[in-house]
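Structure first, then comments.
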Amino acid sequence: MRYLPKSPQDRVEMLAAINEVTPGVDSIDALFSTIPAEFQLRRDLAVPRQHSESEIIDRFRAFAENNAAGYASFLGAGVYRHYKPVIIDSLVQRGEFLTSYTPYQPEIAQGTLQAMFEFQTMICELTGMEIANASMYDGSTGAAEAMMMAVRITGRDRAVVARTVHPEYREVLATYAQHQAIPICEVGYAANGRVDLAALDAAITPETACVLIQSPNFFGTIEDVAAIAEIAHAKGALLIVSIAEAVSLGIVRPPTEADIVSLEAQSFGVAMSYGGPYCGVIACKEKIMRQMPGRLVGETVDADGKRGYVLTLSTREQHIRREKATSNICTNQALVAMMATIFLTVYGKQGLRELAEHNLAKADYLKNALGAEAKVLFDGAPRFHEFVVDLPASAEDTNTALLEHKIIGGLPLARWYPELGPNASLWCATELTTRAQMDAAAASLRAIVPATELTRA
Amino acid sequence: MTKFQGSPKKATTHVNQNEGLIFEKSSPGKKAYRLAELDVPSVDAAELLGSAVRSTLGVMPELSEIEIIRHFTRLSTWNYAIDLGMYPLGSCTMKYNPRVNEVVSRLEGIADAHPYQPESLSQGCLGIMKLLQDCLLEITGMDAITLQPAAGAHGEFTGILLVRAYHESKGNARKKILIPDSAHGTNPATAAVCGYQVANLKSNAQGMVDLAELERMVDEDTAALMLTNPSTIGVFESEIHRIADILHAKGALLYMDGANMNALVGKTRPGDFGVDVMHLNLHKTFSTPHGGGGPGSGPVACKKILEPFLPTPVLVTRADAALGLDFNRPQSVGRVRAFCGNFGMFVRALAYILANGPDGLRQTTEDAVLNANYIRAKLSGTFELPFTTPTLHEVVFSDRLQAANGVKTGDMGKRLIDYGFHSYTVSFPMIVHGAMMIEPTESESREELDLLIDALRQIAREAAENPELVQSAPHTTRISRLDETAAARKPVLRWKGPAASIPLTPDTAAKEW
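Chains as they are written, first to last, in my numbering: chain U, 16 to 472; chain P, 503 to 1015.
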């Protein structure tokens, strides 16, 4: 086995050395003698035979070929196709980053620690918060952790969640809330696709720990964070803003009125990779820092007064506090946070704005192109790069027909928003979506919609 | 011992040893990007967004590409890594991370797959998940599995939710989870997040589960025992079937923390010895890179009785042999993460399993156990071995002999850095006072093991003859021991401009070896 650095002779000699100290250990089997005989596996595992490196690559190429190839995709919905500068991969594939452990020994982990400190700083700048942690698993679990954080801070035990929060995030929130005895009340949206403010006001009670919204929301609409914050704060509830499209922060005003921001940083240079690994991160106001879940990197000095970085405030964490910890999280998404850090450094202060502007422009073009063939819903509030289209026919049928044109259409919404009808779908354009692809999508819609209607009739 | 005196102005190392923060290196107007030409009309952001438009981006960096490459490359050189040498970290299974795993996870068609692309165009991704699931079920001897949890602790959370849903389906969620005092901190933290009380199970004199105590504690309010097997002292719980029987007799379940699965793969299967539900750490046993703290992946495998409660969606094979995702699971605990989990880690773990095959997986386990026992044999005269029970993949010594001279486990761990190694796991498990927990994994050659053994013997000598040298280690690193107390007392968690920052001092390199 090519990963094992031992000669047969090494094994014989090592066993002999063990036998010298512990007589009776004269075979490899003897090392496993504490496993009762009845439970010892005496056969080969039924897994595929040993593969050569070339065979492994061939096998995965075959898998890859069974996926979408050569399609123009208009999917977004929490996972975004942005360009990934090549230096991200060259840097994170350095063994010193890729194969290092959690930086519990700071003297030999300053590389990871300083980069995480830079990550925390950039996330604060982007979100308008005062502190940020070193990452959570993803945006959905980050939102759940933020909700539990708000419950601890306020001593209240209810949460109000907007229906315009990503449906899968809401499912995760429900899973976490049910056993913490946190009842969740969902608040609907107004005609402009934003949170229904009157309904929100009515939903908040003296037991409400937090209001959790997403902006840009699942429909791509930017929420009126200031107005929502005012309503939440007037009743003593915290405001949590979940951000699933991090690139929006380049052009959209940060949610400074929020108490906690839960960000999914996938858009910052992280491959879509069929759903993960991504990078959640929680940012918040400094005064609630001690309720923060997950790892935090802090600046300090060494014995010679030299600047350095360490994992800090670990008395919040499970390895110290056990059942009284702020979360059970241990391993986070450090290397993915590193990717985001490099991405943010490459685009920097000007690039992030320009990148976001390109996304706005592409989405505006797509909206006009599709708007000629179908009705765009939720006018009257600003959007980033996604919007809901009410197609002339079922979104599922339309998408099936679009596949013939090598186009993956927008995400059908009926599964989560039946009230929008079977024809509603969520379309997204990023800086990588070309004008030709958008024109082709509009033309294909024009061509197939009557046909689809015909089959349905 | 004479101390070399460096003059403050003498630069003994390149500036790269004093790499500043990225913000300190930034200058307005520098760029490392160029966007593709905009092929649609540009828009007026202020007009489109109105009051939602952003005015400023604060202190984001502005650098050229070469400066960014150098910055992060320089930072990387300050890290220790598996690629540089051994991590004897017990419980962490720091093994080699094969590079072909990285290649296949980045293949076009895999890396750029969107989780919402139609099922018909996702058969490759689903096929990877199916094959990995089948392999993991065979390796664990369990009946059903979910790949959704993002890390080990997240897997624990999912597993205990399954336990809870199972008991609820019988009419009573029960109140407490038993956890041995030797357990990882995530276990009790997980029980709490799932709404359970934690009942601490004391280990017996061998550091193992005390059957009499277990029998006394298990009652109709007990939901499950969370057991690490082999335990955190590396011992296989030989009475595991009796442990399972005691629990099952009272309707409680056996949860296995699979952190130490590297000791068992191909040699025995948890499903065969009575485990009802367990998690795996793909970033431990199955070689996905630790990346300085993640991403991980924590699949949860369970017996048939728990299958109805698995998180949604569940991977299914449809009538036409196509793979699909089933969302219609009325008894499910719900979703624990958006989408299907850390898919990129599934690709890497499967590549690892393929590279090994059944013979390689078994040899891997045997080598991991051989390595740990070799270290144990070679060092048991040097350090105290608190439990003499035979161990599998790791060995836990204590610092008792050296502590008599004022040298503690943490000091010796720091001194190990001077010898070119990462520290072993310090002060864990908590049932061993002054624990020194060593897990070599299968990835270490005999030569590397002998270097570690020599280093630890030398450190033991130093502890006897020159304790101060060990207590003030490390001496060869770019920075010395950091003031963690100050960091926690007055937390500085972000850069706040040059005024607030501790200035960089020239590296005088006045080091004592």
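The C-beta atom is built at its ideal place from N, Cα and C for all residues, glycine as well.
Taking just the CA atoms, how far does residue j sit from residue i?
i	j	result
P:Asp861	U:Cys139	50 angstroms
P:Glu567	P:Val555	29 angstroms
U:Ala371	U:Ala286	18 angstroms
P:Leu888	P:Tyr598	In the sequence as displayed, the identity of residue 888 of chain P is Pro instead of Leu. If I take the Cα positions, the gap works out to 30 angstroms.
U:Ser277	U:Pro20	44 angstroms
P:Asp1009	P:Phe811	For P:Asp1009, the predicted structure reports a pLDDT of 46, less than 50, and the residue's modelled location is therefore unreliable. A value from the coordinates is still provided. Straight-line Cα distance between these residues: approximately 58 angstroms.
P:Ser1030	P:Pro600	Since the displayed chain P opens at 503 and closes at 1015, residue 1030 of chain P lies outside it and no answer follows.
U:Ser67	U:Glu80	20 angstroms
P:Thr504	P:Ala988	Note on P:Thr504: pLDDT 44, under 50, position unreliable in the model; the coordinate value appears next. Those two C-alpha atoms are separated by around 30 angstroms.
U:Ala410	P:Ser557	38 angstroms
P:Gly687	P:Val777	21 angstroms
P:Gly922	P:Val849	32 angstroms
P:Val606	P:Thr595	23 angstroms
P:Ala855	U:Glu70	It is Ile, not Ala, that sits at residue 855 of chain P in the sequence shown. Taking the straight line joining both Cα atoms gives about 13 angstroms.
U:Val296	U:Leu326	16 angstroms
P:Lys752	P:Arg718	11 angstroms
P:Ser882	U:Met29	15 angstroms
P:Ile745	U:Arg96	50 angstroms
U:Tyr184	U:Phe233	10 angstroms
U:Gly284	P:His616	15 angstroms
P:Asn783	P:Ile735	18 angstroms
P:Arg917	P:Leu749	44 angstroms
U:Ala457	U:Lys421	13 angstroms
U:Cys294	P:Ile584	23 angstroms
P:Lys533	P:Ile612	31 angstroms
U:Asp14	P:Gln865	Because chain U here runs from 16 to 472, residue 14 of chain U falls outside it and cannot be looked at.
Thinking C-alpha only, which one of the options is nearest residue i?
i	options	result
U:Leu254	U:Ala241, U:Ala340, U:Glu314	U:Ala241
U:Phe112	P:Ala714, P:Leu586, P:Val665	P:Leu586
P:Pro543	U:Pro118, U:Ile243, U:Lys382	U:Lys382
P:Asp712	P:Ala879, P:Glu741, P:Phe775	P:Glu741
P:Arg996	U:Asn148, U:Glu53, U:Arg96, U:Glu122	U:Asn148
P:Ile679	P:Ser900, P:Ala693, P:Ala547, P:Glu967	P:Ala693
U:Ala192	U:Ser155, U:Thr179, U:Lys250	U:Ser155
U:Arg10	P:Glu604, P:Val695, P:Gly643	For residue 10 of chain U there is no data in the structure shown, the boundaries of chain U being 16 and 472.
P:Thr890	P:Asn603, P:Gly552, P:Ala701, P:Phe738	P:Phe738
U:Pro23	P:Glu868, P:Ala691, P:Pro651	P:Glu868
U:Phe47	P:Asp901, P:Leu894, P:Arg983	P:Leu894
P:Asp759	P:Tyr698, P:His781, P:Ser945, P:Phe574	P:His781
P:Leu766	U:Val27, U:Gln55, U:Glu35	U:Gln55
P:Gln833	P:Glu549, P:Ile630, P:Leu663, P:Asn520	P:Leu663
P:Leu755	P:Ala823, P:Phe775, P:Leu638	P:Phe775
So is the beta-carbon of residue i under 8 angstroms away from any non-hydrogen atom of the ligand PLP?
i	result
U:Leu56	No copy of the ligand PLP appears in this structure; indeed no ligand is present at all.
If you measure beta-carbon to beta-carbon, which residues of the segment 72 to 84 of chain U are closer than 8 angstroms to chain P?
For the segment 72 to 84 of chain U, the set of positions with a beta-carbon nearer than 8 angstroms to some beta-carbon of chain P reads Ile72, Arg74, Phe75, Arg76, Ala77, Phe78, Ala79, Glu80, Asn81, Asn82, Ala83, Ala84 in chain order.
What residues in the segment 201 to 218 of chain U have a beta carbon less than 9 angstroms from any beta carbon of chain P?
For the segment 201 to 218 of chain U, which is checked against every Cβ of chain P, not one residue is closer than 9 angstroms.
With three or more C-beta pairs closer than 8 angstroms as the rule, is the segment 682 to 701 of chain P touching the segment 619 to 634 of chain P?
With the cut-off at 8 angstroms, the segment 619 to 634 of chain P and the segment 682 to 701 of chain P do not touch.
Anything in the segment 18 to 36 of chain U with a Cβ closer than 8 angstroms to a Cβ of chain P? List those residues in chain order, please.
Within the segment 18 to 36 of chain U, the residues whose Cβ lies closer than 8 angstroms to some Cβ of chain P are Tyr18, Leu19, Pro20, Lys21, Asp25, Arg26, Glu28, Met29, Leu30, Ala32, Ile33, Glu35, Val36, listed in chain order.
Determine which residues of the segment 297 to 312 of chain U have a Cβ less than 9 angstroms from any Cβ of chain P, and write them out in chain order.
Hits within the stretch, in order: Glu301, Met304, Arg310, Leu311, Val312.
Could you please tell me which residues of the segment 935 to 955 of chain P, in chain order, have their CB closer than 9 angstroms to any CB of chain U?
Flagged, chain order: Glu944, Ser945, Glu946, Ser947, Arg948, Glu949, Glu950, Leu951.
At a Cβ cut of 7 angstroms, what residues of the segment 448 to 463 of chain U count as close to chain P, listed as they run along the chain?
Of all residues in the segment 448 to 463 of chain U, only Thr449, Arg450 come within less than 7 angstroms of chain P when Cβ atoms are compared, listed by chain position.
Quick one: complete beta strand (DSSP E) runs, 3+ long, within the segment 264 to 347 of chain U?
Correct list: 275 to 279, 295 to 299, 311 to 316, 322 to 327.
Is the segment 589 to 596 of chain P close to the segment 259 to 278 of chain U, with three or more CB pairs under 8 angstroms?
Output reads no: the segment 259 to 278 of chain U does not touch the segment 589 to 596 of chain P.
Sequence ranges, beta strand (DSSP E) only - wholly within the segment 735 to 808 of chain P, length at least 3:
Counting only runs of 3 or more, we get 755 to 759, 779 to 781, 802 to 804.
What residues in the segment 614 to 626 of chain P have a beta carbon less than 9 angstroms from any beta carbon of chain U?
Within the segment 614 to 626 of chain P, the residues whose Cβ lies closer than 9 angstroms to some Cβ of chain U are Asp614, Ala615, His616, Pro617, Tyr618, Gln619, Pro620, Ser622, Leu623, Ser624, Gln625, Gly626, listed in chain order.
Sequence ranges, beta strand (DSSP E) only - wholly within the segment 820 to 902 of chain P, length at least 3:
Counting only runs of 3+ residues, the beta strand (DSSP E) found wholly inside the segment 820 to 902 of chain P occupies 825 to 828, 897 to 900, in chain order.
Whether or not the segment 220 to 230 of chain U and the segment 160 to 174 of chain U are in contact is what I'm after, with contact meaning three or more pairs of Cβ atoms, one per stretch, closer than 8 angstroms; do they touch?
Under the 8 angstroms Cβ criterion, the segment 160 to 174 of chain U counts as touching the segment 220 to 230 of chain U, having at least three qualifying pairs.
Do the segment 202 to 209 of chain U and the segment 228 to 241 of chain U make contact, defined as three or more Cβ pairs closer than 8 angstroms?
Here the segment 202 to 209 of chain U makes contact with the segment 228 to 241 of chain U; the two share three or more CB pairs at distances below 8 angstroms.
What runs of the alpha helix (DSSP H), each 4 residues or longer, lie entirely inside the segment 582 to 609 of chain P?
Entirely contained in the segment 582 to 609 of chain P, the alpha helix (DSSP H) runs reaching 4 residues are, in chain order, 601 to 607.
Positions along the segment 360 to 394 of chain U whose CB lies within less than 7 angstroms of some CB in chain P:
Within the segment 360 to 394 of chain U, the residues whose Cβ lies closer than 7 angstroms to some Cβ of chain P are Thr360, Val361, Tyr362, Gly363, Lys364, Gln365, Gly366, Leu367, Arg368, Glu369, Leu370, Glu372, His373, Leu375, Ala376, Lys377, Asp379, Tyr380, listed in chain order.
Are the segment 929 to 936 of chain P and the segment 962 to 978 of chain P touching, with three or more C-beta to C-beta distances below 8 angstroms?
No, because fewer than three Cβ pairs between the segment 929 to 936 of chain P and the segment 962 to 978 of chain P fall closer than 8 angstroms, the two stretches do not touch.
When you check each C-beta in the segment 690 to 706 of chain P against every C-beta of chain U, which residues fall closer than 7 angstroms?
Within the segment 690 to 706 of chain P, contact with chain U at the beta-carbon level (separation under 7 angstroms) is assigned to Pro690, Ala691, Thr692, Ala693, Ala694, Val695, Cys696, Gly697, Val700.
Take every Cβ of the segment 869 to 884 of chain P, pair it with every Cβ of the segment 653 to 667 of chain P, and state whether three or more of those distances are shorter than 8 angstroms.
The answer is no - the segment 653 to 667 of chain P does not touch the segment 869 to 884 of chain P, with fewer than three Cβ pairs under 8 angstroms.
Flag this pair as touching only if the segment 796 to 804 of chain P and the segment 346 to 360 of chain U have three or more C-beta atom pairs under 8 angstroms; answer yes or no.
Yes: at least three Cβ pairs fall under 8 angstroms.
Which full runs of the alpha helix (DSSP H) of 4+ residues lie inside the segment 117 to 170 of chain U, going along the chain?
The segment 117 to 170 of chain U contains these whole alpha helix (DSSP H) runs: 125 to 142, 154 to 169.
Continuous alpha helix (DSSP H) assignments of at least 4 residues falling wholly in the segment 515 to 568 of chain P:
Note on the segment 515 to 568 of chain P: whole alpha helix (DSSP H) runs with a minimum of 4 residues are 547 to 551, in chain order.
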